[in-house]
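Below is one structure, written out as structure tokens, with a few remarks after it.
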Amino acid sequence: MRDSAHALPDHPSYADASDASFHQIWTLINDKGAAALHLPQVAHHRLTAAYLPFILADRSRSLVVGQLGQSLDGRIATPSGASRGISGDAALDHLHRIRALVDAVIVGAGTVVADNPRLTTRRIAGRSPARVLIDPNGRSSRQAHWLTSGDVARIVFSDCGDGWPTDVIRIPSPDGDGRFPPAMIIETLGLLGWKKLLVEGGARTVSQFLDAGALHRLHITVAPVILGSGPAGLDLHPIDLLNEARRPRVGLHILGDGNVLYDCDLSAN
Ligand SMILES: NC(=O)c1ccc[n+]([C@@H]2O[C@H](COP(=O)([O-])OP(=O)(O)OC[C@H]3O[C@@H](n4cnc5c(N)ncnc54)[C@H](OP(=O)(O)O)[C@@H]3O)[C@@H](O)[C@H]2O)c1
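First residue of the sequence shown? That's 57 in the working numbering, and the numbers climb one at a time after it.
This is the structure in structure tokens:
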């Protein structure tokens, strides 16, 4: 019996990605796209709902999702910046599925410096998205994995022109001051046909996009671990009153290993 079946009763609000059938469902979604949604085994698995907005997205508009993998106490890394191992395998599989469903994945310079992520879909069946780095001062390594692993298009938003590989497109800041408003980034990528975007981290980058009203969805996975210190996932403009808080509609999914996905729909906020 699955762990999550012990943790939660069989409830229509919950779906478990750790059951063997979900792997098969993902394969169908990946192979057939929207056509798979007519298949009963796909339509009836509640976790499919987390992927529907990407599968059915209207390509004339951008769809931007932020993600954070955090601890029970809301931290996304230790004080020294280590974040690998917070999320369990099931949450990482979920992250790779979202990567496979978007056109491009966006990260900030802090994440490349701290984590050196590859930004591929190697954990699952699915194609890897294009990669976008926001690195105004060009402080990340030119040997970093996002530049060297795999054969996908790469863009850097940076005012520093030094040392990028020749096939990397560099876009300078509009006013030459190293600031890249999220709306400008989304519009620029949209002109390339990259409409479905994943803002994968870190905290400052996701927070900026959320503060700017530039996220349509936010996927927060909560892992059963307590760090007790370290940066919070979100740090937004302060509010005084609770009625100013964002209260997105939320889909809740059990991913396995005790990891839970909060799929937040921000479109009404
Ligand atoms: N658990 C998770 O889900 C997760 C995911 C990703 C990362 N992380 C962790 O998060 C930490 C890194 O996060 P972070 O908040 O320090 O850094 P970050 O968000 O990765 O990068 C922030 C930096 O990127 C640049 N940047 C981002 N958006 C910009 C914009 N719109 N305009 C101009 N510059 C922009 C700036 O670079 P400059 O500083 O050069 O100006 C900014 O300081 C690491 O510890 C990593 O392990 C955790």
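Idealized CB from N, CA, C, for every residue including glycine.
Keep in mind that this is a model prediction, so the values were computed, not measured.
Should residue i and residue j be called a contact, given that it needs their Cβ atoms to be closer than 8 Å?
i: F236; j: F213; result: yes
i: L322; j: R131; result: no
i: L245; j: V306; result: no
i: L151; j: H309; result: no
i: P287; j: A259; result: yes
i: A170; j: G137; result: yes
i: V121; j: H272; result: yes
i: D43; j: G232; result: What the structure shows of the chain is the stretch from 57 to 325, and residue 43 is not part of that stretch, so it cannot be assessed.
i: I111; j: L93; result: yes
i: R174; j: S196; result: no
i: G182; j: N86; result: yes
i: D159; j: K252; result: yes
i: A106; j: L317; result: yes
Please state whether DSSP places residue i in a helix, a strand or coil.
i: T134; result: coil
i: S323; result: coil
i: Q80; result: helix
i: A239; result: helix
i: G286; result: coil
i: R179; result: coil
i: P65; result: Low per-residue confidence applies at P65: pLDDT is 41, beneath 50, and the placement is therefore not dependable enough to give any value.
i: I154; result: helix
i: T204; result: helix
i: I211; result: strand
i: L298; result: helix
i: I111; result: helix
i: V169; result: helix
i: M57; result: Unreliable positioning characterises M57 in this predicted model, as indicated by a pLDDT of 36, which lies under 50. The coordinate reading is nonetheless provided below. Of the three classes helix, strand and coil, the one that applies to M57 here is coil, per DSSP.
i: R195; result: coil
Is it right to say residue i is buried, meaning 16 or more other beta carbons lie within 10 angstroms of its own, or is it exposed?
i: I162; result: buried
i: Q126; result: buried
i: N193; result: exposed
i: L146; result: First, the residue type needs correcting, since residue 146 is Ala and not Leu in the sequence shown. By the 10 Å Cβ count, A146 comes out buried.
i: P135; result: exposed
i: L311; result: buried
i: L95; result: exposed
i: T222; result: exposed
i: R155; result: buried
i: G257; result: buried
i: G144; result: buried
i: G249; result: exposed
i: L297; result: exposed
Using a Cβ-Cβ distance cut-off of 8 Å, determine whether residue i contacts chain C.
i: F265; result: No chain C is present in this structure, which holds just one protein chain.
Measure how close the beta-carbons of residue i and residue j come, nearest whole angstrom, since I'm counting them as under 8 Å.
i: A200; j: V224; result: Contact doesn't hold; Cβ gap of about 11 Å is too wide.
i: R153; j: I180; result: 6 Å
i: V278; j: N315; result: 7 Å
i: P238; j: A268; result: 4 Å
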